[in-house]
Amino acid sequence: MDNYLYIAASGAKQNLHQLASHANNLANAKSDGFKADMSQARAMQAFGEGLPTRVFAMTERPATNFDPGAIKTTGRTLDVAIKDQGWFVVQDDGGNEALTRAGSLRFDEAGMLMNSEGQPMMGLAGPIFLPLPIEKVEIAQDGMITVRPQGAPANAMEEVGQLRLVNPPLNSLTKGEDGLFRRLDGQPYANAVEVTLVTGAVEGSNVNPVNELVGMIEAQRQFDMQLKLMKTAEENDRAHAQLMR
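Using the numbering used here, read the sequence shown as starting at 1410 and increasing by one per residue.
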């Protein structure tokens, strides 16, 4: 009887994890550059004293859907999207390099270029600073940033830095809790000259809201089924105890 209950209880736990994953995807359906999470579980034997007769459900390492999101034209000069494969390099809260596809950029009062999450954008020589005040900013397809200082002639455009673009193998990346991607092996990122940008546009989320809603319904139904199995195990145990008395 405990084997019966163990399978149902562990299955219900994994259904809750699956519900949370679908809910997080659905909440980020409008987040620029977001990549949907995929979850799955498989049966595992529980080893211990006696024979390994107990089996439980275990969530495997979460996977990520790396399909590109739709590119949305905004016409804003500080909006850039990566065409096909590639990543922007940003600085995370710990001061380390991480990867993202979100390309809605801005700069603070000191001129530091950052994304919409406030993470500094990395250039070929570190964080990029714009010489304030400026009248115009342009970002080329290769990530080169040129600005026109305030009061300068119309053709006086100056190069101030170049966005660092990389393209590591997708199977070498893992997604962190902050939504940024990093290499599993911790190796540095090599610059990729083949990565090109689309200016005046941003990449949307690749979440399919309909699929996520259907997944939430399926996970909820499975969770309810596991609870019914646990209830049935309790009733069988009670009937067995009564019969023994």
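Where is the CB? At the ideal position from N, CA and C, for every residue including glycine.
Tell me where the beta strand (DSSP E) around residue i begins and ends.
| i | result |
| --- | --- |
| arginine 1515 | 1514-1516 |
| asparagine 1524 | 1522-1524 |
| glutamine 1500 | 1496-1500 |
| isoleucine 1480 | 1480-1482 |
| glutamine 1454 | 1450-1454 |
| alanine 1490 | 1489-1492 |
DSSP puts residue i in a beta bridge; with which residues?
| i | result |
| --- | --- |
| leucine 1508 | Val1498 and Phe1590 |
| threonine 1473 | Asp1446 |
| alanine 1466 | Ala1452 |
Where does residue i land, buried or exposed, given buried means 16+ other C-beta within 10 angstroms?
| i | result |
| --- | --- |
| alanine 1511 | buried |
| valine 1623 | exposed |
| asparagine 1600 | exposed |
| histidine 1431 | buried |
| isoleucine 1626 | exposed |
| glutamine 1651 | exposed |
| asparagine 1434 | buried |
| aspartate 1476 | exposed |
| threonine 1482 | exposed |
| glutamate 1603 | exposed |
| alanine 1565 | exposed |
| glutamate 1547 | exposed |
| arginine 1591 | buried |
Does residue i have its Cβ less than 7 Å from a Cβ in chain D?
| i | result |
| --- | --- |
| leucine 1508 | This model lacks chain D altogether, as it is built from one protein chain only. |
Segments assigned beta strand (DSSP E), at least 3 residues, entirely inside the stretch 1567-1654: 1567-1571, 1582-1584, 1590-1592, 1605-1608 and 1610-1612
Could you tell me whether the stretch 1419-1426 touches the stretch 1569-1588, where touching means 3 or more Cβ pairs closer than 8 Å? no
Beta strand (DSSP E) runs contained entirely in the stretch 1530-1560, provided each spans 3 or more residues: 1543-1548 and 1553-1558
Using 8 Å as the Cβ pair cut-off and three pairs as the minimum, do the stretch 1515-1528 and the stretch 1537-1555 touch? yes
Quick check: the stretch 1637-1644 against the stretch 1573-1586, are there 3 or more CB pairs under 8 Å? no
Between the stretch 1480-1496 and the stretch 1524-1535, can you find at least three pairs of beta-carbon atoms closer than 8 Å? no
Cβ contact (3+ pairs, closer than 8 Å) linking the stretch 1430-1448 and the stretch 1548-1558: no
Three or more C-beta pairs closer than 8 Å, one from the stretch 1587-1599 and one from the stretch 1479-1494: is that the case here? no
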